[in-house]
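Chemist: First residue of the sequence shown: 8, per this note's numbering; consecutive thereafter.
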Amino acid sequence: NISASSGSGTFSSANFLNNVTVGGTLIATGKITSASHDVNTFVTVGTTLVTSGNTTVNGLTVNNSVTIGSTLGVTGNFISGSIAAAAINSNANVTASGLAVNNSATVGTTLTVTGNILSTGGNIYSNNRIGFTYSANTTSVVYQYYNSATNSLDTVFG
């Protein structure tokens, strides 16, 4: 174990088999590589932080960018100004105060909208029917669908 509560030191190369305890700030101008990092205060890394195991971070601020090789697990809230991703998968609800979909979005089961749906210059399509329900449940009041047998738009009440 190495324990330092004050002072400074420089290591051009160091291998620690046990714990490194720093009372203040650990600054690395190069690369910190470890199987696991658990930091109670903060670590300043000049270039790259690499971990092959778990890294526990109580608070993280990324000023420029971060690259996740496989999975980022977040147990609390994830707050971001913007996210650029090929896919975002969630097993729980995703709340967005403003959502812009540039190409298309696929909803597997039900899309619930509590406000308005606006189409500004585009189209809204349905493969089945478009209807209205009582506000307290999903009992259909009226719906419309395209009847291919009669080539008509049919309205059904009830």
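Don't be surprised by glycine CBs; every beta carbon is placed ideally from N, CA and C.
Starting from the N-terminal side, write out each stretch of the beta strand (DSSP E) that is 3 residues or longer and does not extend beyond the segment 124-152.
Modeler: 136-140
Chemist: Determine the extent of the beta strand (DSSP E) in which Phe164 is found, giving its start and end residues.
Modeler: Ser159 to Phe164
Chemist: Beta strand (DSSP E) containing Thr102: first to last residue?
Modeler: Run containing Thr102: none; DSSP gives neither H nor E here.
Chemist: What do you get for Phe164, buried or exposed, if any count of 16 or more other CB atoms within 10 angstroms of its CB means buried?
Modeler: exposed
Chemist: Any heavy atom of the ligand SAM closer than 7 Å to the Cβ of Asn98?
Modeler: Only the bare structure without any ligand can be found here, which leaves the ligand SAM out of the picture.
Chemist: Thinking just about the alpha-carbon of each residue, which of Asn144, Asn135, Thr140 and Ser147 is nearest to the one in Ser155?
Modeler: Asn135
Chemist: Would you report the Cα separation of Val149 and Ser142, rounded to the nearest angstrom?
Modeler: 13 Å
Chemist: So for Leu106, helix, strand or coil by DSSP?
Modeler: Leu106 falls in the coil class under three-state DSSP.
Chemist: Measure the C-alpha to C-alpha separation of Asn110 and Leu160 and round it to an integer number of angstroms.
Modeler: 28 Å
Chemist: What's the call for Asn8, buried or exposed, on a 16-neighbour Cβ count within 10 Å?
Modeler: Confidence in Asn8 is poor, its pLDDT being 48 and thus under 50, which makes the residue's placement too unreliable to answer from.
Chemist: According to DSSP, Asn154 sits in a beta bridge with which residue or residues?
Modeler: Ser159
Chemist: Can you check whether the CB of Gly138 is closer than 8 Å to the CB of Ser147?
Modeler: yes
Chemist: I need the straight-line Cα distance from Asn98 to Thr157, nearest angstrom please.
Modeler: 43 Å
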